[in-house]
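Report on the following structure.
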Amino acid sequence: MHRLFKNRSKKTGLPPGALIHIGEKKLAKVKITAMEYSGTSCLEREIPDINECFPLKNDQMTTWINICGIHSIENIENIGKLANIHPLLLEDIMNTDHRPKMEDFEDYIFIVLKTLTFNEDDKRIDAEQISLILGQNYVISFQEKEGSIFTPVIGRIKNGKGRIKKMGADYLAYALLDAIVDGYFVVLEKMGEYIEDIEEELITTPSMETLRKIHNVKREILFLRKSIWPLREVINTMDKGELPLIRSSTYVYLRDVYDHTIHIIDTIETFRDMATGMLDIYLSSVSNKLNEVVKVLTIIATIFMPLTFIAGVYGMNFKYLPEAEWRWGYFAVLMAMGIIGTTMVVYFRKKRWI
Amino acid sequence: MHRLFKNRSKKTGLPPGALIHIGEKKLAKVKITAMEYSGTSCLEREIPDINECFPLKNDQMTTWINICGIHSIENIENIGKLANIHPLLLEDIMNTDHRPKMEDFEDYIFIVLKTLTFNEDDKRIDAEQISLILGQNYVISFQEKEGSIFTPVIGRIKNGKGRIKKMGADYLAYALLDAIVDGYFVVLEKMGEYIEDIEEELITTPSMETLRKIHNVKREILFLRKSIWPLREVINTMDKGELPLIRSSTYVYLRDVYDHTIHIIDTIETFRDMATGMLDIYLSSVSNKLNEVVKVLTIIATIFMPLTFIAGVYGMNFKYLPEAEWRWGYFAVLMAMGIIGTTMVVYFRKKRWI
Amino acid sequence: MHRLFKNRSKKTGLPPGALIHIGEKKLAKVKITAMEYSGTSCLEREIPDINECFPLKNDQMTTWINICGIHSIENIENIGKLANIHPLLLEDIMNTDHRPKMEDFEDYIFIVLKTLTFNEDDKRIDAEQISLILGQNYVISFQEKEGSIFTPVIGRIKNGKGRIKKMGADYLAYALLDAIVDGYFVVLEKMGEYIEDIEEELITTPSMETLRKIHNVKREILFLRKSIWPLREVINTMDKGELPLIRSSTYVYLRDVYDHTIHIIDTIETFRDMATGMLDIYLSSVSNKLNEVVKVLTIIATIFMPLTFIAGVYGMNFKYLPEAEWRWGYFAVLMAMGIIGTTMVVYFRKKRWI
Amino acid sequence: MHRLFKNRSKKTGLPPGALIHIGEKKLAKVKITAMEYSGTSCLEREIPDINECFPLKNDQMTTWINICGIHSIENIENIGKLANIHPLLLEDIMNTDHRPKMEDFEDYIFIVLKTLTFNEDDKRIDAEQISLILGQNYVISFQEKEGSIFTPVIGRIKNGKGRIKKMGADYLAYALLDAIVDGYFVVLEKMGEYIEDIEEELITTPSMETLRKIHNVKREILFLRKSIWPLREVINTMDKGELPLIRSSTYVYLRDVYDHTIHIIDTIETFRDMATGMLDIYLSSVSNKLNEVVKVLTIIATIFMPLTFIAGVYGMNFKYLPEAEWRWGYFAVLMAMGIIGTTMVVYFRKKRWI
Amino acid sequence: MHRLFKNRSKKTGLPPGALIHIGEKKLAKVKITAMEYSGTSCLEREIPDINECFPLKNDQMTTWINICGIHSIENIENIGKLANIHPLLLEDIMNTDHRPKMEDFEDYIFIVLKTLTFNEDDKRIDAEQISLILGQNYVISFQEKEGSIFTPVIGRIKNGKGRIKKMGADYLAYALLDAIVDGYFVVLEKMGEYIEDIEEELITTPSMETLRKIHNVKREILFLRKSIWPLREVINTMDKGELPLIRSSTYVYLRDVYDHTIHIIDTIETFRDMATGMLDIYLSSVSNKLNEVVKVLTIIATIFMPLTFIAGVYGMNFKYLPEAEWRWGYFAVLMAMGIIGTTMVVYFRKKRWI
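Protein chains in written order, with UniProt numbering: chain V, 1 to 354; chain L, 1 to 354; chain F, 1 to 354; chain C, 1 to 354; chain P, 1 to 354.
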């Protein structure tokens, strides 16, 4: 629930652009890393103060400033001033409950989206918000905490592997997007395995616990949808070829991420249909079991009620009860009871109840 | 129900533009507050008579006239004449059952929308209708009753905090919109907590009462949707950049409200899915409980019916009933009964019914 | 059912434009009223023969011809010739099973729609078809029977109240549309009250009868939707500002009717969701009741089956049955029974079944 | 099932345009009828050989060639050559499992659609495929078997009734379309009556049979939808006014057929909702009945179990059983039993179970 | 499950365009076949090394290179270099979990789609990915393993049957698409038969097994949808006439494949509705059976409980029990019991329970 809707009410009444951190504080200290690279050189360093990054190097270099920790108002404000970012965006960066979106401010593009991880322990999806600012020759990324999501991208820049080092800031932004979307596949995979486990359980040993799991899965799928669905529009807008900050050679890559996003959304929808299907199966199997239980009851009652009645009849204390006098009365009655019981069993067998 | 559809039939047969107050009268006396401000000065006063406000001060000043109480036909008519508002709009202002909408009349823009509050006592959402008229250098707002929704905006104008004082009437209209939309977040949050409570109850102690709560929540969500959904279109239209009354610098703010609205609508849809999911869980748990109850019944019947039958057999009054004569007959029968009973219990345990 | 789909098969095989009255004949005799008015004068008269109306007065006057009764082929054909109406439209006018639509034939606009009334007795909605032909300076309206739906419009023209008398034929057409749409609000209100009644009944005394009412409401909502939904498109098309017969000053009024229609459609959708919700509640309460009933059964069986068994044991006729000989055997058994019974009751209380 | 998806696999691996008849052979011998008419003359004849029709008469005459029977490859190939039709269309004509569609090949327009009939015996809808080729001055129609669907059109041409004789090939194509769409109304009507019957049955004597009927109706509605839905797009495309083969005077007629199609689709959707509603009612009534049955069981058990227990107590063979010695013991016990039984009945009455 | 979402996580962290085979390795050794043909000549050969194919023959010849086996990175990289294909596409070719798509890179068009086969044994659908690259005068196709899907196309080229040999690479690409889509019809047909079997089973002998089959069918339909749905867009894009590589004469053929795809999607939706319908029927029949079982129980209990009670009454050991003394007491009681039993039976018959 908490992840589906965060506490934003403390913002009520504040002027637009007022900076307030919404969400959990996931990091003790803000950590800023700057990376400057061109086709030939590459410099990475951790910097204690954001002021050191600015002014940016010349146009030949691409600068990537990665900020881990977004709870410090002072810090964010400072960046805003140095990089000339609109106050509303600063507000969005600090609000971790933001819907994925993209906005184009001629000088820079602002993108906000989520990284997701599947928590194996409680089978829930954890989300972290990532904001990206893509300028002419720089990218500024904001993370809630240090994570490994961008590690491969850093590696590729440092090793000079692939084409990333030779290409500009727009390709870097794409590479970050791609890394995040790749992370979704991992979540989907684990989710898929979890769904498979539940399906298995559903067929072998369905219980109230299974129902709770299905309910949980449905909620996680809702959360997934809410986190990823808007991304489709975001990337589609970027892909339309009308943003001057994105070079034409980068479009083919954006289209690739777009395809991945569509694929992911398709899979989420499939998961959703599967979860609904599982609920139907669960309900059906509960009904089936009830049938089984009631059948047992009916069989027992149908066999023993008449027999008990007969026993009751011959247990009556009438003075004149002719059969009771007979020599073989007892055995005759036992035999009659045996026949009645057997007939019942045969009847139920014919009806396929046993 | 009342809130889902108000009594409009008294308007039937009246000419268009005929003024009739539809809704509850929430205030004894109309209260009018006027606020005139520019970047440097600010004057707020309560005025007894609407005529005092007009003619408006010169173009340097922004005038905000806030009218609390819309049940007085005379008053509304007067404002209509002074501010030159189309009679159909006056009709809309007095009809508190209006769907949120925006209309552009070159000279002014008319916006009608709802403020919502979550009533903790009966867990229902109360709505109040707000109408805004945005002119070149003035905003007229109509509220059903005095509320605190605009207090922070008033505060910011008086304190000169933020950029509101320096900007024109369009920014003021935005600030009012933003205050209202911010109020929705508070409602959503309380709604979310309520849903969380019900989910908790659903897992621990589901009862007919829980069902009633789920039903209630679903109805409130319907009401929320009906009240907020049209707002999306309203703000989207304003955001398209074709309204001459809205300066280009204000668009980025409108886009921000638009994002919030989309976010809210997303959350409402998520709530809806969750409510549906809760109903499914409820039904499943009712079925499960039925199964449990019937299992108990079946176990009891299956154990005691055969035993009672045996007791019945040896209660028959046959003259010749050999076992009855035996010395250990009674104990043999008791033992047989014990064995049968134990077998049943073992069988049910194996079937996982106990 | 009848109202959801009328018998049209008698038209099969006829050429297009062949005039056949489809629907119930609701009136014995056709009644034609003509009204000619300008800003200053107004003449209303009932005319026996449609020929008297034509040729129309000069352009200064607006003529409204209201025809009650559409079952007379001869009459309709005559009007068609006099007013130069396309035969296909005449066919549509006589076919009361027509879907609301608007068609623009440069010289005139043809509109067909439904008036609805809520029948309090059988809680059903009755529909009547209204066709309007709007020409340069005339409106011809066709009703199935005399009704009071247009009475307020007639009144306003005669009294010269409002702006209707000063404005042209397009405003008259709008006024008629508005009167019809206003009528929908009355139906919705009564429908809403009916739904409220059912909800009340659902919580207090749900029965098979309640189910039937819910089913009935759902059907009426289907009928409402089918009758009103297409109107949205009709008015939207008129509102687009491309019809030469509609003056620009009339658009603001059409937009108002459009808003009302959207509001009505919203409410119908809300009703639909509520009806679905009620069905869910009904089903849940049936399940709940079953649970209650089965609980009673299980409690009774679980208490008395063991007790009866014990009584049965001591009712056996064994020669040697030691307890039977005891002085206090009877009371000991009674006490044991009491303890078992009490234990059961305590157990069920703990399980919250009692 | 068969009608929802026909056996097309025999086409797999064949080149496009390979002629294979898919569907049932409904006619022994192909029958070709040719009709040539202008405003003044009309000639109808049955011709044994398709070659006789070509070359077509001059432009003054409209020629309609109606071919009943599409299973003869040779025949279809021949027509294809003579009328210069694309091989893919010939393939489509012979494949009776085709989706309704329209294709514009400058020289001619190709339309394929379905005629439907409601089979009263097994309450199923039978479909027949009709293909139309509309050229400058000719129409070629292909039917699976001889039917009466075009009889009224033929009659109107022969009688010279209506405007059909005076108008060209495009009007003829419209007239055929109109005849087919009129046939749908007949199917809908019978379907509606059938639904009404089931609703009646549902309220009076619901049974497993009723469920099967509902299932059947749902399937037929699926089939209806699949057959008619694409027609909407077909006629809409024709109606857009961009086909040179269709004269502008014919558009008003096409728009009329379009309205009918929309109306039919609306009704199908309504039927669908009604079928779903009926299923809900069925399920509810099954649940209700279960409740009734279980109530009876519970009442019986609750009354007789305690009584039987009491009887059992006094049936115990204890030596010392004081009540048994009493003079009025038996009557006292009988009375006690009577009181307990009556109390139970009163209790159930209060609970409204009886 | 596996087929609904494949293991892609091993790609996480790799740069875009990094080649990794995702999916099962279905073939031991890559097999490459090259086919060069013009209207007059045709040469087919299996080639051990991809380098032999390049450079391509002159423009007069159409070259089709068919590669079976996509798990060899080296091989795919080689082809990429020789045919100048974008690295991202090579990545897509090797990733068998790709969503069907089409991309236009001026020099060539890239298409990826699925061939499907219905596995009769476990009633599941197996998918194989096919990638096509269509250049000016060549087509390169990639298959996961050798299959018979393209055999008819090869045959037609070799025999010179049909128009394929005379037309260019675009027609060849169409022919391959058509062959794949034709394969879908076979799958649908078998699926349809399977659904029919389940429906049959549902009516005659519904069991938990039937439920599992329905669940399975629903999952297969989900898989079908996911595999085929995007194809609609793919072919639609190709059909729009804006691709320079596709000659205008080929469009009519593409439109034909498009029609088939729509038809297939329609059928999938119908299957989906049918599967949902079957689940409803299943649930209803389970409920019905429960009713039947409970009825039996109630009848038995209602008949024998009162009778057993009566027997119990006369089994009481009261000293003074007048009826027990009567000469005909026993028979009178038996008769009374008979009457009560018969009355019950008659009552149940009247209630239509028996």
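Even glycine gets a Cβ: it sits at the ideal position worked out from N, Cα and C.
Residue burial classification, residue i (beta-carbon count within 10 angstroms, cutoff 16)
i, result
"Met1 (chain C)", "Only weak support is given to the placement of Met1 (chain C): the predicted model assigns it a pLDDT of 42, under 50, and the question is left unresolved by the model."
"Glu120 (chain F)", "exposed"
"Ser287 (chain V)", "buried"
"Met94 (chain V)", "buried"
"Gly329 (chain C)", "buried"
"Met335 (chain P)", "exposed"
"Ser284 (chain F)", "buried"
Where residue i sits in the DSSP three-state scheme
i, result
"Ala179 (chain C)", "helix"
"Phe348 (chain P)", "helix"
"Thr267 (chain C)", "helix"
"Asn66 (chain C)", "strand"
"Phe318 (chain V)", "coil"
"Phe54 (chain V)", "coil"
"Met61 (chain F)", "coil"
"Ile20 (chain L)", "coil"
"Glu103 (chain L)", "strand"
"Val30 (chain F)", "coil"
Whether residue i touches residue j by CB criterion (8 Å)
i, j, result
"Thr276 (chain V)", "Leu297 (chain P)", "no"
"Glu220 (chain V)", "Met191 (chain V)", "yes"
"Ile67 (chain V)", "Ile157 (chain V)", "no"
"Tyr108 (chain F)", "Gly80 (chain F)", "no"
"Lys123 (chain V)", "Ser227 (chain V)", "no"
"Gly23 (chain F)", "Glu146 (chain F)", "no"
"Ser72 (chain F)", "Val30 (chain F)", "yes"
"Asn51 (chain C)", "Leu19 (chain C)", "no"
"Arg247 (chain C)", "Gly168 (chain C)", "yes"
"residue 356 (chain L)", "Asp182 (chain F)", "What is shown of chain L runs 1 to 354, which leaves residue 356 (chain L) out entirely."
"Asn291 (chain L)", "Lys295 (chain V)", "no"
Chain V residues whose Cβ lies nearer than 7 Å to that of residue i
i, result
"Gly315 (chain P)", "Gly312, Gly315, Met316 and Asn317"
7 Å Cβ cut-off: residues of chain C touching residue i
i, result
"His98 (chain P)", "Near His98 (chain P) there are no residues of chain C at all, since even the closest Cβ is about 25 Å away, more than 7 Å."
"Gly135 (chain F)", "Result: empty, since nearest Cβ-Cβ is about 17 Å, beyond 7 Å."
Paired residues, beta bridge with residue i - DSSP
i, result
"Gln129 (chain P)", "P:Lys114"
"Arg124 (chain C)", "C:Asn119"
Proximal chain F residues relative to residue i, where beta-carbon distance stays under 8 Å
i, result
"Tyr253 (chain C)", "Pro16 and Leu88"
Chain-ordered neighbours of residue i on chain V, where CB pairs are closer than 9 Å
i, result
"residue 355 (chain L)", "With chain L covering only 1 through 354, there is no way to say anything about residue 355 (chain L)."
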